[in-house]
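Chains as they are written, first to last, in the numbering used here: chain Z, 1 to 354; chain R, 1001 to 1354; chain A, 2001 to 2354; chain U, 3001 to 3354; chain E, 4001 to 4354.
We treat Cβ as the ideally placed atom computed from N, Cα and C, and that holds for glycine.
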Amino acid sequence: MGKIIHTGSRKVGVAPGTLIHIGKKQLTEPKITVIDYNADHFQEMVAENIEEAYPFKDSENVSWINIHGVHHVDLIEKIGTNFGIHPLVLEDIVHTDQRPKVEFFDSYIYIVLKMLQYDKEKEEIIAEQVSIILGSNFVISFQEILGDTFDPIRDRIRTSKGRIRKQGPDYLTYALLDSIVDSYFVMLEIIGENIESLDDELLDSPTPKTLESIHRLKKEVILLRKFVWPLREVVNSLQRDESFFVKESTSIFLKDIYDHIIQVMDTIESYRDILSTMLDLYLSTASNKMNEIMKVLTIIATIFIPLTFIAGIYGMNFEYMPELKWHLGYPVIWALMITVALVMLAYFRKLKWI
Amino acid sequence: MGKIIHTGSRKVGVAPGTLIHIGKKQLTEPKITVIDYNADHFQEMVAENIEEAYPFKDSENVSWINIHGVHHVDLIEKIGTNFGIHPLVLEDIVHTDQRPKVEFFDSYIYIVLKMLQYDKEKEEIIAEQVSIILGSNFVISFQEILGDTFDPIRDRIRTSKGRIRKQGPDYLTYALLDSIVDSYFVMLEIIGENIESLDDELLDSPTPKTLESIHRLKKEVILLRKFVWPLREVVNSLQRDESFFVKESTSIFLKDIYDHIIQVMDTIESYRDILSTMLDLYLSTASNKMNEIMKVLTIIATIFIPLTFIAGIYGMNFEYMPELKWHLGYPVIWALMITVALVMLAYFRKLKWI
Amino acid sequence: MGKIIHTGSRKVGVAPGTLIHIGKKQLTEPKITVIDYNADHFQEMVAENIEEAYPFKDSENVSWINIHGVHHVDLIEKIGTNFGIHPLVLEDIVHTDQRPKVEFFDSYIYIVLKMLQYDKEKEEIIAEQVSIILGSNFVISFQEILGDTFDPIRDRIRTSKGRIRKQGPDYLTYALLDSIVDSYFVMLEIIGENIESLDDELLDSPTPKTLESIHRLKKEVILLRKFVWPLREVVNSLQRDESFFVKESTSIFLKDIYDHIIQVMDTIESYRDILSTMLDLYLSTASNKMNEIMKVLTIIATIFIPLTFIAGIYGMNFEYMPELKWHLGYPVIWALMITVALVMLAYFRKLKWI
Amino acid sequence: MGKIIHTGSRKVGVAPGTLIHIGKKQLTEPKITVIDYNADHFQEMVAENIEEAYPFKDSENVSWINIHGVHHVDLIEKIGTNFGIHPLVLEDIVHTDQRPKVEFFDSYIYIVLKMLQYDKEKEEIIAEQVSIILGSNFVISFQEILGDTFDPIRDRIRTSKGRIRKQGPDYLTYALLDSIVDSYFVMLEIIGENIESLDDELLDSPTPKTLESIHRLKKEVILLRKFVWPLREVVNSLQRDESFFVKESTSIFLKDIYDHIIQVMDTIESYRDILSTMLDLYLSTASNKMNEIMKVLTIIATIFIPLTFIAGIYGMNFEYMPELKWHLGYPVIWALMITVALVMLAYFRKLKWI
Amino acid sequence: MGKIIHTGSRKVGVAPGTLIHIGKKQLTEPKITVIDYNADHFQEMVAENIEEAYPFKDSENVSWINIHGVHHVDLIEKIGTNFGIHPLVLEDIVHTDQRPKVEFFDSYIYIVLKMLQYDKEKEEIIAEQVSIILGSNFVISFQEILGDTFDPIRDRIRTSKGRIRKQGPDYLTYALLDSIVDSYFVMLEIIGENIESLDDELLDSPTPKTLESIHRLKKEVILLRKFVWPLREVVNSLQRDESFFVKESTSIFLKDIYDHIIQVMDTIESYRDILSTMLDLYLSTASNKMNEIMKVLTIIATIFIPLTFIAGIYGMNFEYMPELKWHLGYPVIWALMITVALVMLAYFRKLKWI
Ligand SMILES: [Mg+2]
Ligand SMILES: [Mg+2]
Ligand SMILES: [Mg+2]
Ligand SMILES: [Mg+2]
Ligand SMILES: [Mg+2]
Ligand SMILES: [Mg+2]
Ligand SMILES: [Mg+2]
Ligand SMILES: [Mg+2]
Ligand SMILES: [Mg+2]
Ligand SMILES: [Mg+2]
Ligand SMILES: [Mg+2]
Ligand SMILES: [Mg+2]
Ligand SMILES: [Mg+2]
Ligand SMILES: [Mg+2]
Ligand SMILES: [Mg+2]
Ligand SMILES: [Mg+2]
Ligand SMILES: [Mg+2]
Ligand SMILES: [Mg+2]
Ligand SMILES: [Mg+2]
Ligand SMILES: [Mg+2]
Ligand SMILES: [Mg+2]
Ligand SMILES: [Mg+2]
Ligand SMILES: [Mg+2]
Ligand SMILES: [Mg+2]
Ligand SMILES: [Mg+2]
Ligand SMILES: [Mg+2]
Ligand SMILES: [Mg+2]
Ligand SMILES: [Mg+2]
Ligand SMILES: [Mg+2]
Ligand SMILES: [Mg+2]
Ligand SMILES: [Mg+2]
């Protein structure tokens, strides 16, 4: 998962709107795909350069232009000029440490949030900034890296499944947001499963590794919280939007996303709570183990130290030690030692140590 | 008790309103029961299939249709079509990880919340999602598994006890909610009794088992909190509802439920507080036990180690050790040892260790 | 002090307004006392049965009917019928686990809160639910058990001291609330004194008993908080009340109670804070004690273990051990041992252990 | 510093406005001083009795009457009668456990808050309740004990420095409040210096004394917080006051105090946070020390215990032990022992214990 | 980084507006620089004395007067008189412990906040108070010490880069604030990197030094929070300002700063959370290490103590000990000892200690 703050190169005092990319540098070429559709029409293409996508700006159909590679600041600048996007918005698109937010402009709405994907090989969550420009008949989505959660949406458009082909760009935007929020549930499930298995481990056989895992999960949950918390207000603002960009019919679907976000937040808060408790618990479990170790040491030591002392007494070389001459000296001393040991054991049993 | 999040199979990016059940899969057949009544009339039946229940939609009487088995998505879809329920509501009915909420539509109100029951055999709390559709002259309730807290309500309807037969579907909805909230008190009492007995155990004879129980209770309380917290707003919205679905006469009863929910929340917060304190306490108690163990070890060791050293001295084999020849060497050394031991004991008494 | 939740017998799903007593069952007979007064008139009586109190309902004077024993549900029901009290209010009177609240009705105001008294013998705080019905010219107070904080008020009415005889039932209600809130200060003082003495004990000579007391106080404070927190809103509502039940002249007195409640809350929060700190402190103090114990053990062990080893060397029975034959072998070995011991002691001094 | 609650003698149920002093009983005589001034006029006197101060009530000049000794309830009562002050206000003046607040009456404003002074000898903070009555052309201030923070104000009035002589009683009230709030900064600085020096001590050489000091500071900060938190609302209310008591020109000065109070609150919150961290830190430091102690013990014990065992072997008295007869037996055993010791030391070095 | 409160010399009770500098005393001469510009014109000068800067007050161009050295109270007083600044504002400029705030006056806006710079040599963050007076056609900025984050802005003005030369003093003020807020990100990155490296250290090889660093970072974050939290409201007020000082065109840029501040706050909260967790973690790690130490001690001690006892037995000097005469006594005893040791080792393996 990403770090909590990019240790990038934010330049102090540069003019606002100066496009300097802040974030993970991806070495790949940018990839531009266009999907243009309405109830009856469907066209899909991979654009060689951004100029190929310009005509779709004014097509009556819904045009979805998806850009992979926001670190190509020239590309972003061209899009900004052609589609009339404010320089501060362009800056936010390339500064990939944005807090999720929505901003309303006269000719478009700007939405920025985090998409999460799980890298099964590295066993870590990959976070990526996604920006969405919702215009009157186009949607532009900006991503940092290849791969996204949008494939089922592309399929629904291609196969004309569900209502998506009959709706406008606001519904497409809803669909994109919904698939991103759905992906949060997947992450929560992964984290939840990790918590459950750590929880068992914690009480059965905790190791320093367990502690490390709890700590890592806690940091992931703190980060997730940073991503989700502001999203509630984003979706709420979209839903209440009075402009003509978000149609009333889409509003109920946004309400559904809103519910999902609250569910995600609730779960995150529960996880935080449980992980904190688990850290406290680890300490108690470690104390318990220490107690067990100390008991073993104490039992062995307190039984044998007095016995060794007794043996030491009769190992002394004084000339005049009457016991040494006694015929029954040796068995008597054994009897004494066994008695001492039994008394000690009885005492430990009384203390419930054994 | 249920897990904090279902590790189910939420599909990312599927079209909204696509009915895929998320939750515990119950293998039983669905069970549909109908109770139709007014002040003078009473009819009760178990429907073979959902079609038998359709006529009640338009009967003037209050019709209560109860469905067990929300994982039968075909059934839910049929009900949706016949009773005119929005696809997103149907989705929420079958996704059994909903946060409690209420939604107002033109022809019905949708309420979703959690019903809790205690499984005495397994000694665990069973949580189940209950959805309620309140129409103008019918109530449909959806449950995940057989068994509920509604039997006393069925009895009151059958025997015409109290005011229920004279009231409308809003009052029936109130009664269902009231019985569910009452069941929360029962769970709180069970948890409360567990806390009290753990509390005694904690100070008397804590074991790792105690720690485990505290942790389990804490997780249950966190989960309960997730279920109850949003319920306050649900009942509040219902009470303030301006539509014709909730009559003014029912409002004061909803206020009574509202009071109960606040009481439940207060108690949950107290439990959380106490359980956190108990975890801290466990650690202190473990430290105390460690101190006791260490004292025993230290007392034994510090008394006998010097004595053993003295014995060791006179176990040495030097040719010229004058003490060994003394007639009183042995008793003098015993006197020395006893003195050392008594001084040590006096020291420990001064430290208040013994 | 009472438990955080009554482990009583709340019945799930019973009709609202069904009077089942939940709380501590008191075996005594109910006791009904009536005080009827105005500026010039005073009458006091103990009623044999509730019917004797009915006439006072319509007397022009202020009539204060006090009932001890809310578990006599028949009695409560009769009062409900005669004085026109809503069944849900009656239910709340006999369910003695209410959260403090006020409810406004057309012909009366219903107030419920907790009265606290200190049982000096058992050294514990006794909590009891008090319900107050404020009518146009009567006040009915309901208590669980005999004994209350109202005696000074009775005296002021009897002796016509202060303004009470010249005022209406709203002022009497104020006086009752004021005496209950004053009793919270008494409880806070008792808890405060306990905290101060535990605090000294904690740093001087903490024992597991200290820990237990801190925990008990913490639970009492959590419970007190549950009782006081909602009271603020109760008094605030009464003060702002627009109905004719609370006269404007009484409002400034309610403001005075409001101030007191805030003071109580502030103190409770401080106590919570301090008690939490004390729990943390206990752990640190236990760790300190452990360090002291370990130092004693380590000093003794690390001094004598090497010495015992040296003695062991010269206790070996090899035929060819030249040192054993030396004339000065024994005193040289003593010198060596003393040197080792002194070096060890110097080392511990350097570590500031001794 | 004062206790968190006075363990005084609040009487339950006494009539409101009954003057019983609650607080520290001061044995001194009350002291009454009067300063009467306007731009051109200045008069200062110590009054023998309160009657001498009465005439100033109606003088056109600003009259500042300062009373030391609120436990003289007769005196307070006389002032109340002559200046027309509400009995509940008089009660608050003599009950010196008030929460800071402001109350607006027709002919005066009542302000109550805490003045803090540092007793250098006892090294403790002294808290005292100050009540201020702001009338149309007089100010009465009530203090518990001799000594205050008002001397610089008296000087400014005497020497006609600054704007004070040209302003009304509202500006005098501002000046009194400002000097009290300024004194909070002095206390914060004292506490802050204590925290800094404890912080160094904590990481260098913590002792149980350090723990005690952290705990004492934490309690002082909790108490300070109780005094300052409500003050924000007090000054805010004064500033917004619409009555003719607070002139618009004084409002900007009250805003300045408001800023100061927020600064004080911010600092208090930071201190709370840091002190909590320091308590946690102490525990970790204690654990570190324990680890150091245990390492010393373990190193010494694990080196010498095996060696002592070896020595013990060859101290046995079996008739047939071939090694004992060997010519090189003794040096070989020494070599073995030294090897064992070196291996142990190497092991500890690998563990980074030494 | 600065202390949480200046241990300066705030004088209790001095007249408001009396200029006494509170803060770090800088011994340098004050330094006054002026930059005067519009779209076509640019002039830059270092003023010998403040009188040289007076004419710029009324120039039509944007005039930026920057003052280094707020401890020169005479200088501040002269500026106050000439530019008509309220005495309380001047007081705030020289009291360098202000909470960030904005105040609106008829002829100017006063803004105060903290500028942060990193001293690479001392490896610490330097905080300094910056005050900004925004007039109709001038901006005065006040700093405590030489060096600031404004150089890129000076360059943009000099080289006419970006829009700054075409905008008014409000845009210059925005640029100053933006560069200060940008510097917070730099500090967060430095702290973030520290946290990451401590986090690795914590789980791998924690030392008391690690603990000290965590504590130091936590205090820095607490301080940073004090600086940033009120800034949100400052920028929000500026943005909503209805006066003619902040033009509508600048508002969107202020919104951009507002976003940045929220981002900073989010990150600060995450850091606080993580650092608290790290403190808890340190304790657990210390406990783990203790367990490891104790295991080593216990394993060695419990193996050799019984063996040494056995050796002690046969070191006794009783005349009648039959085993001593046995031919195989010595090897049998070795066999016994090895068996005991192996049993012990098997037991420890079962406990998973080795
Ligand atoms: Mg910038
Ligand atoms: Mg931006
Ligand atoms: Mg990223
Ligand atoms: Mg992507
Ligand atoms: Mg904790
Ligand atoms: Mg979806
Ligand atoms: Mg959905
Ligand atoms: Mg849904
Ligand atoms: Mg479920
Ligand atoms: Mg069921
Ligand atoms: Mg009720
Ligand atoms: Mg019920
Ligand atoms: Mg009920
Ligand atoms: Mg009830
Ligand atoms: Mg009770
Ligand atoms: Mg009673
Ligand atoms: Mg009062
Ligand atoms: Mg704690
Ligand atoms: Mg009273
Ligand atoms: Mg009172
Ligand atoms: Mg009072
Ligand atoms: Mg004084
Ligand atoms: Mg000042
Ligand atoms: Mg903690
Ligand atoms: Mg001042
Ligand atoms: Mg000031
Ligand atoms: Mg100021
Ligand atoms: Mg500077
Ligand atoms: Mg920037
Ligand atoms: Mg920016
Ligand atoms: Mg510990």
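Apart from the 5 residues on each side of it in sequence, D1241 (chain R) sits with its Cβ closer than 8 Å to the Cβ of F1104 and I1109 in its chain, given in chain order. If the five residues before and after T4267 (chain E) are omitted, its C-beta is found closer than 7 Å to the C-beta atoms of L4188, all from its own chain and listed in chain order. Contact between T4210 (chain E) and I293 (chain Z) is absent: CB atoms are separated by about 25 Å, not below the 8 Å threshold.
Under DSSP, L2113 (chain A) forms a beta bridge with A:V2130. Apart from sequence neighbours up to five positions away, the residues of its chain that approach I67 (chain Z) with a beta-carbon distance below 6 Å are I32 and F142, ordered along the chain. Residue-level contact check: F1042 (chain R) does not touch chain A, since none of the beta carbons of chain A fall below 8 Å from its beta carbon. Contact between the stretch 3046 to 3061 of chain U and the stretch 3011 to 3022 of chain U is absent: fewer than 3 CB-CB pairs across the two stretches fall below 8 Å. Beta-carbon to beta-carbon, G2013 (chain A) and D1036 (chain R) are separated by about 20 Å, too far to satisfy the 8 Å threshold. Taking 8 Å as the upper bound for CB-CB distance, V1264 (chain R) and Y1184 (chain R) are in contact here, some 5 Å apart. Per DSSP, I3035 (chain U) is one residue of the beta strand (DSSP E) stretching across K3031 to Y3037. In the structure shown, V4221 (chain E) falls within a helical segment according to DSSP collapsed to helix, strand and coil. K3114 (chain U) counts as buried, since no fewer than 16 other beta carbons sit within 10 angstroms of its beta carbon.
The C-beta of K1218 (chain R) comes no closer than 8 Å to any C-beta of chain A.
Closest option to M3045 (chain U), judged by alpha-carbon separation, among U:D3058, U:W3064, U:P3030 and U:E3029: U:W3064. For a Cβ distance threshold of 9 Å, nothing in chain U lies close to R2232 (chain A): the least Cβ distance comes to about 13 Å. Look at S59 (chain Z) here: in three-state DSSP terms it is coil, with no helix or strand label. D182 (chain Z) sits in a helix when the DSSP states are folded into three classes. In terms of beta-carbon proximity, A3335 (chain U) stays away from the interface with chain E, with every pair separated by 8 Å or more. The beta carbon of D178 (chain Z) is closer than 7 Å to those of I257 in its chain, skipping five residues each way along the sequence.
Sequence-distant partners of L254 (chain Z) (beyond 5 residues in either direction) whose C-beta falls short of 7 Å from its own C-beta, in its chain, are Y174, V235, L238 and Q239. In the three-state scheme derived from DSSP, where H, G and I count as helix and E and B as strand, F348 (chain Z) is classed as helix.
Distance between R2232 (chain A) and T4081 (chain E), taken at the CA atoms: about 51 Å.
Beta-bridge partners of A4047 (chain E) (DSSP): E:I4032.
The three-state secondary structure of H215 (chain Z), taken from DSSP, is helix.
For the pair R3216 (chain U) and L3279 (chain U), the Cα-to-Cα distance works out to about 12 Å. When U:R3165, U:R3272 and U:D3074 are compared, the shortest CA-CA separation from G3192 (chain U) is found for U:R3272. Pairing P2169 (chain A) with K2247 (chain A), the inter-Cα distance amounts to about 10 Å.
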